[in-house]
Amino acid sequence: MLLDIMHMSISFQRFSGGLTRKKLTPVSDITLSVRRGEIVALVGASGAGKSLLSHALLGILPRNASMTGSYSFKGMPLGQNDFAKLRGKEIALIPQSVTFLNPLTKIKKQVYRSARLSGRCCCTADECCNNTFTRYQLSDAVKSYFPFQISGGMARRVLTATATVSMADLIIADEPTTGLDQAVIDQSLNHLKELATDGKGILFITHDLESAMKIADTIVVVYNGKTVEVFPTSLLTTHPEILHPYTRALWNALPQNTFIPLPEEAFTVSHQSVQDCASSCDFISFCPQASSHCQESPCHLFQKDNHLTRCIHAAN
Ligand SMILES: Nc1ncnc2c1ncn2[C@@H]1O[C@H](COP(=O)(O)OP(=O)(O)OP(=O)(O)O)[C@@H](O)[C@H]1O
Ligand SMILES: [Mg+2]
């Protein structure tokens, strides 16, 4: 196993009026794992905690954040402070926004720096940079451009190049296809597939179940900062085997299915305290299967057939 995350929670201390402190827990119980050569899609709505998870894995959470849970990378247990040491060397990020590129540094220098930081010597770093530019169809001219001189699609490819030129075995791709046209989306997804074929583990963060279905081996569905279901993508056939009502709602919202979206309130996040996280199901107000039992029983993640799920109805 490359990466194992058990019960990740991320909290923030905020001052709310005077000196009163308030604890917010946007991520309260995320469990997932990634193997070498595997693409794991982390699927969830806006605000579900996907980017926070990626920032935690890179050790770039803000100072007022604290983290609990148990973590291991390549079989070695990790503490909260160990992730920063792996950043760029063992774990690399294709970030959500092109603003992650340094606006004042030329493209080649940024990619080269990433190669050097990951531990490559100056000769191999230069060669790897050139190979990576060719691989992602970035012409020689692009090397001397500043980020404002390249198109959005090109910037996406530069971000992919920056992450993959490193020697990292785990690549986190945070919404790499947002705002791109279909051809560029397909190209970006193919790049991720190639990296997995090369033996890298890929954590593909997306709000789009359809993109996840195209390339992922495993789908992890998060709702309100918690893993609600984990299952192999192969189960999403014409008669999908889905156990959690939220995953079913995402499935139903696809154009090729019933095309019924969830009400907007379903995504309004109420960040509970960690103590409350096991008390009842967060999806209860929108769930067609909801019963008094859902309110009374703690909703832990449990194994059922090929799934991990958090819905108590799946236990029967
Ligand atoms: N520094 C912070 N302090 C307090 N709350 C934060 C902080 N950063 C993020 N959050 C909250 O954590 C929640 C999850 O944020 P995150 O950026 O991880 O969402 P996301 O799932 O990546 O959403 P999107 O799909 O829109 O990118 C949000 O409600 C956000 O307001
Ligand atoms: Mg995000």
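All residue numbers for the sequence shown refer to our numbering, where the first residue is 14 and numbers rise by one. Don't be surprised by glycine CBs; every beta carbon is placed ideally from N, CA and C.
Query raised in the report: Just reading off the beta strand (DSSP E) that Leu202 is part of, what are its end residues?
Result: Counting along the chain, Leu202 falls outside any beta strand (DSSP E), though it belongs to the alpha helix (DSSP H) covering 195–210.
Query raised in the report: Which value, in whole angstroms, describes the spacing of the CA atoms of Glu207 and Lys35?
Result: 44 angstroms
Report task. Round the Cβ separation of Ser59 and Phe280 to the nearest angstrom and send it over; I've been treating them as touching at under 8 angstroms. Result -> 7 angstroms
Query raised in the report: Can you pull the DSSP bridge partners for Ser24?
Result: Ser79
Query raised in the report: Heavy atom of ligand 1 less than 8 angstroms from the Cβ of Lys35, yes or no?
Result: no
Requested in this report: Give the DSSP-derived three-state secondary structure of Met226 in the structure shown.
Outcome: helix
Query raised in the report: For the alpha helix (DSSP H) that contains Ala69, what are its first and last residues?
Result: 63–70
Query - Secondary structure of Arg49, DSSP reduced to three states - result: coil
Query raised in the report: CB-CB under 7 angstroms to Ser286, same chain, minus the five flanking residues each way: which ones, in chain order?
Result: Only weak support exists for where Ser286 lies, its pLDDT of 45 falling under 50; the value from the coordinates is given anyway. The answer, listed in chain order, is Lys36, Thr38.
Requested in this report: Compare the beta carbon distance of Lys121 and Phe146 with 9 angstroms and say whether it is the shorter of the two.
Outcome: yes
Query raised in the report: Hey, Lys119 and Tyr158 are a contact pair by Cβ (cut 8 angstroms); roughly how many whole angstroms apart?
Result: 7 angstroms
Requested in this report: State the DSSP-derived secondary structure class of Met342, mapped to helix, strand or coil.
Outcome: As displayed, the chain neither begins before 14 nor continues past 329, which places residue 342 out of reach and without an answer.
Query raised in the report: With a Cβ-Cβ cutoff of 9 angstroms, do Pro245 and Asn143 count as a contact?
Result: no
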